[in-house]
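For reference, the structure discussed in these notes is given below.
In the numbering used here, the protein residues as written are 44 to 172.
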(Lines of atoms letter the chains of each structure in order from A and count residues from 1; the text may use other names and numbers.)
(Lines give C-alpha, C1' and ligand atoms only; values in the text may rest on other atoms or scores of the structure.)
Protein backbone atom coordinates (compact mmCIF):
# COMPACT_ATOMS: atom_id res chain seq x y z
CA UNK A 1 0.00 0.00 0.00
CA UNK A 2 1.07 3.55 -0.64
CA UNK A 3 1.91 5.86 2.21
CA UNK A 4 0.13 9.22 2.52
CA UNK A 5 3.42 10.90 1.56
CA UNK A 6 3.72 8.80 -1.61
CA UNK A 7 0.12 9.57 -2.54
CA UNK A 8 0.77 13.29 -2.04
CA UNK A 9 3.84 13.07 -4.32
CA UNK A 10 1.78 11.33 -7.01
CA UNK A 11 -0.95 13.94 -6.61
CA UNK A 12 1.57 16.74 -7.18
CA UNK A 13 2.95 14.92 -10.23
CA UNK A 14 -0.52 14.33 -11.65
CA UNK A 15 -1.65 17.92 -11.05
CA UNK A 16 1.50 19.17 -12.82
CA UNK A 17 0.86 16.84 -15.76
CA UNK A 18 -2.77 17.97 -15.86
CA UNK A 19 -1.67 21.61 -16.26
CA UNK A 20 0.91 20.60 -18.90
CA UNK A 21 -1.73 18.72 -20.88
CA UNK A 22 -4.12 21.66 -20.79
CA UNK A 23 -1.32 23.87 -22.09
CA UNK A 24 -0.38 21.37 -24.81
CA UNK A 25 -4.01 21.09 -25.95
CA UNK A 26 -4.28 24.87 -25.97
CA UNK A 27 -1.12 25.15 -28.08
CA UNK A 28 -2.30 22.53 -30.60
CA UNK A 29 -5.65 24.28 -30.94
CA UNK A 30 -3.91 27.62 -31.45
CA UNK A 31 -1.68 26.12 -34.12
CA UNK A 32 -4.70 24.74 -35.94
CA UNK A 33 -6.12 28.25 -36.09
CA UNK A 34 -2.96 29.78 -37.47
CA UNK A 35 -2.94 31.24 -40.95
CA UNK A 36 -0.57 28.62 -42.30
CA UNK A 37 -3.28 25.95 -42.07
CA UNK A 38 -5.88 28.24 -43.58
CA UNK A 39 -3.42 29.33 -46.25
CA UNK A 40 -2.51 25.71 -47.00
CA UNK A 41 -6.16 24.83 -47.44
CA UNK A 42 -6.61 27.82 -49.76
CA UNK A 43 -3.60 26.84 -51.87
CA UNK A 44 -4.69 23.28 -52.57
CA UNK A 45 -4.77 22.91 -56.32
CA UNK A 46 -4.71 19.18 -56.98
CA UNK A 47 -5.50 15.84 -55.37
CA UNK A 48 -1.94 15.33 -54.13
CA UNK A 49 -1.94 18.68 -52.32
CA UNK A 50 -5.40 17.91 -50.96
CA UNK A 51 -4.08 14.62 -49.55
CA UNK A 52 -1.23 16.42 -47.80
CA UNK A 53 -3.64 19.01 -46.38
CA UNK A 54 -5.99 16.25 -45.18
CA UNK A 55 -3.07 14.42 -43.58
CA UNK A 56 -2.01 17.53 -41.67
CA UNK A 57 -5.55 18.05 -40.39
CA UNK A 58 -5.84 14.35 -39.44
CA UNK A 59 -2.51 14.46 -37.59
CA UNK A 60 -3.68 17.52 -35.69
CA UNK A 61 -6.90 15.74 -34.68
CA UNK A 62 -4.97 12.60 -33.70
CA UNK A 63 -2.66 14.64 -31.49
CA UNK A 64 -5.60 16.35 -29.79
CA UNK A 65 -7.34 12.98 -29.28
CA UNK A 66 -4.20 11.52 -27.71
CA UNK A 67 -3.80 14.50 -25.39
CA UNK A 68 -7.47 14.40 -24.40
CA UNK A 69 -7.23 10.67 -23.64
CA UNK A 70 -4.26 11.28 -21.36
CA UNK A 71 -6.04 14.24 -19.74
CA UNK A 72 -9.02 12.01 -18.93
CA UNK A 73 -6.70 9.38 -17.42
CA UNK A 74 -5.00 12.01 -15.24
CA UNK A 75 -8.39 13.39 -14.15
CA UNK A 76 -9.48 9.85 -13.28
CA UNK A 77 -6.31 9.28 -11.22
CA UNK A 78 -6.88 12.54 -9.33
CA UNK A 79 -10.46 11.46 -8.66
CA UNK A 80 -9.19 8.14 -7.27
CA UNK A 81 -6.84 10.07 -4.97
CA UNK A 82 -9.78 12.14 -3.68
CA UNK A 83 -11.84 8.96 -3.16
CA UNK A 84 -9.00 7.11 -1.44
CA UNK A 85 -8.72 4.38 -4.06
CA UNK A 86 -5.55 5.55 -5.81
CA UNK A 87 -2.96 2.80 -6.24
CA UNK A 88 -5.57 0.03 -6.15
CA UNK A 89 -6.24 -1.92 -9.34
CA UNK A 90 -9.74 -1.24 -10.67
CA UNK A 91 -10.01 -4.83 -11.91
CA UNK A 92 -8.44 -6.92 -9.16
CA UNK A 93 -8.48 -4.73 -6.06
CA UNK A 94 -4.77 -5.46 -5.59
CA UNK A 95 -2.16 -2.74 -5.01
CA UNK A 96 -0.61 -1.39 -8.20
CA UNK A 97 3.14 -1.89 -8.29
CA UNK A 98 5.05 1.20 -7.07
CA UNK A 99 7.42 1.03 -10.04
CA UNK A 100 4.45 1.02 -12.40
CA UNK A 101 2.98 4.10 -10.73
CA UNK A 102 6.35 5.84 -10.88
CA UNK A 103 6.54 5.14 -14.61
CA UNK A 104 2.87 5.94 -15.26
CA UNK A 105 1.18 7.75 -12.34
CA UNK A 106 -2.27 7.56 -13.96
CA UNK A 107 -2.17 3.73 -14.04
CA UNK A 108 -5.39 2.20 -12.81
CA UNK A 109 -4.44 -1.46 -13.15
CA UNK A 110 -1.58 -3.69 -12.10
CA UNK A 111 0.80 -4.57 -14.93
CA UNK A 112 -0.73 -8.06 -15.23
CA UNK A 113 -4.32 -6.75 -15.19
CA UNK A 114 -3.38 -4.14 -17.83
CA UNK A 115 -1.87 -6.85 -20.03
CA UNK A 116 -5.07 -8.88 -19.78
CA UNK A 117 -7.17 -5.78 -20.44
CA UNK A 118 -5.19 -4.94 -23.57
CA UNK A 119 -5.52 -8.50 -24.89
CA UNK A 120 -9.28 -8.53 -24.35
CA UNK A 121 -9.87 -4.98 -25.55
CA UNK A 122 -7.93 -4.93 -28.82
CA UNK A 123 -7.09 -1.49 -30.15
CA UNK A 124 -6.58 0.07 -26.73
CA UNK A 125 -4.04 2.86 -26.67
CA UNK A 126 -3.13 2.72 -23.01
CA UNK A 127 0.46 1.94 -22.15
CA UNK A 128 1.32 -1.16 -20.16
CA UNK A 129 3.97 0.59 -18.08
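Glycine is no exception: its CB is placed at the ideal position from the N, C-alpha and C atoms.
As the structure is a prediction and not an experimental result, all values here were calculated from the model.
- Under DSSP, residue 138 shares a beta bridge with 131.
- For the 8 Å CB-CB criterion, residue 156 and residue 132 form a contact.
- If the five residues before and after residue 53 are omitted, its C-beta is found closer than 6 Å to the C-beta atoms of 148, all from its own chain and listed in chain order.
- For the pair residue 112 and residue 151, the CB atoms are not nearer than the 8 Å cut-off.
- Here the alpha carbons of residue 107 and residue 65 stand approximately 11 Å from one another.
- For the options 71, 126 and 55, the alpha carbon positioned closest to that of residue 105 is the one of 71.
- Between residue 129 and residue 68 a beta carbon distance of about 24 Å is seen, past the 8 Å cut, so the two are scored as non-contacting.
- Collapsing the DSSP output to three states places residue 149 in coil.
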